[in-house]
Amino acid sequence: MAASVKADPVLEVLSTHKRAFGFALAFSAVMAILALSSSFFMLEVFDRVLTSRSEATLYLLAIAATLAIAVGGVLDSLRRRLLFRTGMQVADALSDRVLRAMIAMNSQVGSAAYRNGARDVDTVRGFIGGPTSGALMDVPFLLIYLVVLFFLHWAYLVVVLVGGLVLTGIAFLNNAVTNRPLTQALNQNLRAQNFAEAGIQNAEVLEGMGMSGAFISRWRQQWLAGLRLNAAASERDARLAAVSKSIRVLLQIALMTVGAVLILEYHASSGVMIGATIIGARAVSPIEILISSWKTIVGLRLTQTRLNDLLNNAPQREEGMPLPPPEGRLRASGVQYVVPATRRIVVAGVNFELAPGEAMGLIGPSASGKSTLARLLVGAWPCSSGSVRLDGADIFAWPRAALSPYIGYLPQDVELFGGTVRENIARMTEPDPDSVVRAAQLAHAHDMILALPKGYETEIGEAGHFLSGGQRQRIGLARALYGDPRLVVLDEPNANLDSIGEQALVATLVQLKQMGVTVVVVAHRPNVLVNVDKILVMHPNGAMAAFGPVQEVMPQFAPVAPQPSPAPFQGAVFTRPRPDAGESKKGAAE
1 MAASVKADPV
11 LEVLSTHKRA
21 FGFALAFSAV
31 MAILALSSSF
41 FMLEVFDRVL
51 TSRSEATLYL
61 LAIAATLAIA
71 VGGVLDSLRR
81 RLLFRTGMQV
91 ADALSDRVLR
101 AMIAMNSQVG
111 SAAYRNGARD
121 VDTVRGFIGG
131 PTSGALMDVP
141 FLLIYLVVLF
151 FLHWAYLVVV
161 LVGGLVLTGI
171 AFLNNAVTNR
181 PLTQALNQNL
191 RAQNFAEAGI
201 QNAEVLEGMG
211 MSGAFISRWR
221 QQWLAGLRLN
231 AAASERDARL
241 AAVSKSIRVL
251 LQIALMTVGA
261 VLILEYHASS
271 GVMIGATIIG
281 ARAVSPIEIL
291 ISSWKTIVGL
301 RLTQTRLNDL
311 LNNAPQREEG
321 MPLPPPEGRL
331 RASGVQYVVP
341 ATRRIVVAGV
351 NFELAPGEAM
361 GLIGPSASGK
371 STLARLLVGA
381 WPCSSGSVRL
391 DGADIFAWPR
401 AALSPYIGYL
411 PQDVELFGGT
421 VRENIARMTE
431 PDPDSVVRAA
441 QLAHAHDMIL
451 ALPKGYETEI
461 GEAGHFLSGG
471 QRQRIGLARA
481 LYGDPRLVVL
491 DEPNANLDSI
501 GEQALVATLV
511 QLKQMGVTVV
521 VVAHRPNVLV
531 NVDKILVMHP
541 NGAMAAFGPV
551 QEVMPQFAPV
561 APQPSPAPFQ
571 GAVFTRPRPD
581 AGESKKGAAE
């Protein structure tokens, strides 16, 4: 059976712009014809004007050549603009798909982090709108120059063919000797760049533990390795580029020599010699440009490979038709998750069902699959086998935009986005002020937000770096409660909260139950589980150790059962500022 051929999504996007590329090729054809005007001008001046001494003929030829060159310049400008805009359209068509694939790929456990999609899309755009693509489009129309040379004299054609074949051979040799080190250099540079970006993102760790020197040393090793590979490839490329330039000069000398011989033997005129020399130089010019741009071409090939791998391997979400708003009935049936890269089973055979308005605590030792199960419950990841169903529908296949208002998720590591508090709570959509305030009040973050310099309009910085851990946790919780959530999954929501914050969180969970919201809380500390209805205990191997009502399950796994609900939190919504409510304790146990 024939091996299956992988799709080429980048080529598929390019193929949708065939008409634009067709126009660009047509412009190239006309430009190639008009480029002959200078050669014919020289030919006619030497062979007719100088012999006839006719100034009128000279002026007429000059006007015709000027018009041809002007039209060629206009067409060249149009081609550049067309290719530039086509590059922008291709980038626009690719960018959404690439970003979605990056999100899907990077969200998976064990998937290699891929953060260069936007840069790779820009590389494709730059290549299409750059000079190399124009040179590629000029190559097919070298045939026009070869035909003209043949009609001038077959000897000119032979010289240009030999020169062109030698330059083509150099191009293939250039590919053979530079492709591997250049590919290795580009990949190594990318690794060094990703390593540096990871260090910048964790700058406080590097500074706090005095790791900056060791980190820079490690990065420098990677950077120097890429530099050495790049130097090896560049040296070979430079030598071959110099050889190709020398061959082009030798080609012009050869054309002049052949032309002189033909003149001496009365087979051609001086005008033909000058014209043939100019045409021959134009014929090999695109080949020389391609040789000098070989590094760009290799980079584009690597970019195309990376983008195709990303788009082909990213998990695909087959969304169904829009469904009515869910009530919150959650059922997990034989849920299993296997890490794609290592085939390690993280979650195995989890079964439970929650009615609307029920709350479940999810507990277990570290690395038992709790956070992975939380991601599966909200449809962030697909189950390897089994299913998670919300109101009977597979939650992973539920259209995400339609489900967004009815689901809330607070991950273990709360990540906010650059922008204002209001924009983050509104999930980067057009904020509805009433809904934003309502979500903040439900999360007991309203007064904490008002205490910020500009309240809800406060810029929180990249990833929320201007906020404390507790403030980020509160705003992340408000984001999870924005809209009309019917299912809320909270992964260690009290990780960065002090005692007052935990008390507010418990009050929030009570309110959610009263509102009929289905809640799943992942927790190490039992303080926030005092009002849950059921407990799911995870085994260290990712299997379900126990599930049932909290009164039956907790005594088996905890030396002390959860205490009764504490006294009601004073005001489900803060009525006076509590500046300390959003502060986190740096040494809080996890």
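According to full-length UniProt numbering, the sequence shown is numbered sequentially starting from 1.
Built from N, CA and C at the ideal position, the CB exists for glycine as well.
Where Gln-563 falls, given that 16 or more other Cβ within 10 Å makes a residue buried: Here residue 563 refers to the residue found at position 563 of the sequence shown. The pLDDT assigned to Gln-563 is 46, lower than 50, so where the model puts this residue is not dependable; a value taken from the coordinates is nonetheless given after this. Flag for Gln-563 reads exposed.
Taking C-beta to C-beta, are Gly-259 and Ile-279 nearer than 9 Å? The residue labelled residue 259 in the question sits at position 259 within the sequence shown. The residue labelled residue 279 in the question sits at position 279 within the sequence shown. No, they are not a contact pair.
Is the beta carbon of Met-105 less than 9 Å from the beta carbon of Leu-376? Mapped onto the sequence shown, residue 105 falls at position 105. Mapped onto the sequence shown, residue 376 falls at position 376. No.
Please say whether Leu-410 and Val-489 have beta carbons closer to each other than 9 Å? For this step, residue 489 is matched to residue 489 along the sequence shown. For this step, residue 410 is matched to residue 410 along the sequence shown. Yes, Cβ-Cβ distance for Val-489 and Leu-410 is below 9 Å.
Residue of Ala-35, Val-414, Tyr-406, Val-148 minimising C-alpha distance to Leu-323: The sequence position of residue 323 within the sequence shown is 323, counting from 1. Ranking Ala-35, Val-414, Tyr-406, Val-148 by Cα distance to Leu-323 puts Tyr-406 first.
Would you identify the three-state DSSP class for Glu-492, choosing helix, strand or coil? If you number the sequence shown from 1, residue 492 lands on position 492. Reduced to three states, the DSSP call for Glu-492 is coil.
Are the beta-carbon atoms belonging to Glu-353 and Gly-516 less than 9 Å from one another? In the sequence shown, the residue the question calls residue 353 occupies position 353. In the sequence shown, the residue the question calls residue 516 occupies position 516. Cβ distance not < 9 Å, so Glu-353 and Gly-516 don't count as in contact.
Exposure label - Val-98; buried when at least 16 CB within 10 Å: As a first step, residue 98 must be located in the sequence shown, where it is residue number 98. Per the 10 Å Cβ criterion, buried.
Quick one, which of Leu-302, Arg-344, Gly-548, Gln-556 has its alpha-carbon nearest Asp-120's? Here residue 120 refers to the residue found at position 120 of the sequence shown. Comparing Cα positions, the closest option is Leu-302.
Validate contact between the segment 284-303 and the segment 159-168 using beta carbons, cut 8 Å, 3 pairs: yes
Sorted by chain position, which residues of the same chain lie with C-beta nearer than 8 Å to Leu-477's C-beta, five sequence neighbours on each side aside? Counted from its first residue, the sequence shown places residue 477 at position 477. So the qualifying residues of the chain are Leu-410, Ala-443, Ala-445, Leu-490, Pro-493, Leu-505, Thr-508.
State whether the segment 195-203 contacts the segment 250-268, with contact taken as three or more CB pairs (one from each stretch) at a distance under 8 Å. no
Run through DSSP, which three-state label would Gln-188 get? For this step, residue 188 is matched to residue 188 along the sequence shown. Gln-188: helix per DSSP, three-state reduction.
Euclidean distance between Cα positions of Lys-534 and Thr-458: Taking the sequence shown and counting its residues from 1, the one referred to as residue 534 is at position 534. Taking the sequence shown and counting its residues from 1, the one referred to as residue 458 is at position 458. Spanning the two alpha carbons is a distance of roughly 39 Å.
I need the DSSP call for Leu-143, collapsed to helix, strand or coil. On the sequence shown, position 143 is the one that residue 143 refers to. Helix at Leu-143.
Sufficient close CB pairs (3 or more, under 8 Å) joining the segment 67-85 to the segment 24-38: yes
For Val-560, which of helix, strand or coil comes out of DSSP? Here the question's residue 560 lines up with position 560 in the sequence shown. Confidence in Val-560 is poor, its pLDDT being 40 and thus under 50, which makes the residue's placement too unreliable to answer from.
Helix, strand or coil at Ile-128 [DSSP, three-state]: Numbered from 1 along the sequence shown, position 128 holds the residue referred to as residue 128. Reduced to three states, the DSSP call for Ile-128 is helix.
Through-space distance from Gly-361 to Ala-393, alpha-carbon basis: By one-based count along the sequence shown, residue 393 stands at place 393. By one-based count along the sequence shown, residue 361 stands at place 361. Their backbone Cα atoms lie some 23 Å apart in a straight line.
Residue interval of the alpha helix (DSSP H) (run including Val-74): For the purposes of this step, residue 74 is taken as the residue at position 74 of the sequence shown. From DSSP, the alpha helix (DSSP H) with Val-74 extends over 55-106.
Put Glu-12 into one of helix, strand or coil per three-state DSSP. Here residue 12 corresponds to residue number 12 of the sequence shown, with the count starting at 1. Residue state, collapsed to three classes: helix.
Own chain partners of Ser-270 with C-beta closer than 7 Å, once the 5 adjacent residues on each side are dropped: On the sequence shown, residue 270 is found 270 positions in, with the first residue counted as 1. Cβ within range, chain order: Phe-46, Ile-263.
Burial state of Ile-63, where buried means 16 or more other Cβ atoms lie within 10 Å: Here the question's residue 63 lines up with position 63 in the sequence shown. Flag for Ile-63 reads exposed.
Counting pairs of beta carbons, one from the segment 362-372 and one from the segment 496-504, are three or more of them closer than 8 Å? no
Considering Lys-454, what are the terminal residues of the beta strand (DSSP E) in which it resides? On the sequence shown, position 454 is the one that residue 454 refers to. Where Lys-454 is concerned, there is no enclosing beta strand (DSSP E), given that its DSSP letter is neither H nor E.
Within 10 angstroms of the Cβ of Glu-430, are there 16 or more other Cβ atoms? Answer buried if so, exposed if not. Position 430 of the sequence shown, counted from the first residue, corresponds to residue 430. Result: exposed.
Applying the criterion that 16 or more other CB atoms from any shown protein chain within 10 Å of the CB defines a buried residue, is Asp-96 buried or exposed? By one-based count along the sequence shown, residue 96 stands at place 96. Classification for Asp-96: exposed.
Burial state of Val-148, where buried means 16 or more other Cβ atoms lie within 10 Å: Here residue 148 is taken as the residue at index 148 of the sequence shown, counted from 1. Buried.
What's the call for Glu-235, buried or exposed, on a 16-neighbour Cβ count within 10 Å? As a first step, residue 235 must be located in the sequence shown, where it is residue number 235. Label assigned to Glu-235: exposed.
Which residues in the same chain as Ala-283 place their Cβ atom closer than 6 Å to its Cβ, once the five residues preceding and following it in sequence are excluded? For the purposes of this step, residue 283 is taken as residue 283 along the sequence shown, with counting starting at 1. The answer, listed in chain order, is Leu-142, Tyr-145, Val-160.
Spatial neighbours of Ala-348 within its chain, please: C-beta separation below 6 Å, excluding the five flanking residues on both sides. Position 348 of the sequence shown, counted from the start, is the residue given in the question as residue 348. For Ala-348, where only same-chain residues beyond five positions count, the Cβ hits under 6 Å are Gln-336, Gly-542, Ala-543.
Curious, which full-length beta strand (DSSP E) runs of at least 3 residues does the segment 327-367 contain? 330-338, 345-354, 359-363
Own chain residues within Cβ distance below 7 Å of Ala-7, not counting five before or after: Along the sequence shown, one-based indexing puts residue 7 at 7. Once the five neighbours on either side are set aside, the close Cβ partners of Ala-7 are Asn-312.
Confirm, please, whether the CB-CB distance from Ala-185 to residue 633 is below 9 Å. In this structure the chain extends from 1 to 590, so residue 633 is not present and cannot be described.
Does the beta-carbon of Gln-473 have 16 or more other beta-carbons within 10 angstroms, so that it is buried, or is it exposed? The residue given as residue 473 occupies position 473 in the sequence shown. Gln-473 should be labelled buried.
Thr-86 versus Gly-129 - alpha carbon distance: Counted from its first residue, the sequence shown places residue 86 at position 86. Counted from its first residue, the sequence shown places residue 129 at position 129. Roughly 8 Å separates the two Cα atoms.
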